[in-house]
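Single-structure report; data block below.
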Amino acid sequence: MSAHKFQFGKGTGGSALSVKVTPRARKNEIVGVMADGTLKVRVTAPPVDNKANEAVIELLAEALNVPKSRIDIVAGETSTQKLVSVTNITPAQVEELLQKLAREDGDDEE
Numbered sequence: 001m002s003a004h005k006f007q008f009g010k011g012t013g014g015s016a017l018s019v020k021v022t023p024r025a026r027k028n029e030i031v032g033v034m035a036d037g038t039l040k041v042r043v044t045a046p047p048v049d050n051k052a053n054e055a056v057i058e059l060l061a062e063a064l065n066v067p068k069s070r071i072d073i074v075a076g077e078t079s080t081q082k083l084v085s086v087t088n089i090t091p092a093q094v095e096e097l098l099q100k101l102a103r104e105d106g107d108d109e110e
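Our numbering puts the sequence shown at residues 1 to 110.
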């Protein structure tokens with residue numbers, strides 16, 4: 001992931017983050033952070049019958065180590081640009097977990 005600052009919002013019970021989704025990718029992965037702070041992800045699922053949204057939720061739940069029930073797409077359900085809410089986690093915790101994941105992914109490339 002790049003060194004860009006993540007774009008997070010502090011909600012009343014958690015965090016909100018902007019996510020750009022590429023469906024029908026070769027694998028499910030968090031790609032990095034765009035210049036505007038949007039988290040960029042790829043999922044193998046097609047954007048049909050909510051499958052891509054479900055894949056995004058599953059990917060983020062695994063990356064953030066939270067149950068899928070704590071993640072909700074609050075805007076952009078039919079768009080590649082989404083606003084995702086994660087309850088019971090601060091923006092700082094989200095950023096820390098994603099940065100840790102980025103470091104681990106970087107170690108795999110060496």
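Just so it is clear, CB atoms sit at the ideal spot from N, CA and C, and this is done for glycine as well.
Residue burial annotation: residue 84 is buried, with at least 16 other C-beta atoms found within 10 angstroms of its C-beta. When DSSP assignments are scanned along the stretch 24 to 108, the uninterrupted stretches of alpha helix (DSSP H) that are 4 or more residues long and fall wholly within it turn out to be 51 to 64 and 91 to 108. Distance check between residue 31 and each of 40, 25 and 24 places 40 closest, using alpha-carbon atoms only.
Distance between residue 53 and residue 77, taken at the CA atoms: about 7 Å. In the DSSP assignment, residue 14 falls within the beta strand (DSSP E) that extends over 14 to 22. By the neighbour-count criterion, in which 16 or more other beta carbons inside 10 Å mark a residue as buried, residue 45 falls on the buried side. Excluding its 5 nearest sequence neighbours in each direction, residue 24 has C-beta neighbours in its own chain below 6 Å: 46, listed in chain order.
Selection 101, 28, 62 and 75 evaluated against residue 17 yields 75 as nearest (Cα-Cα).
Residue 22 and residue 28 have their C-alpha atoms roughly 10 Å apart. Of the residues 97, 104, 82 and 72, the one whose Cα lies closest to the Cα of residue 13 is 72. One thing to note: residue 99 has its Cβ no nearer than 8 Å to the Cβ of residue 20.
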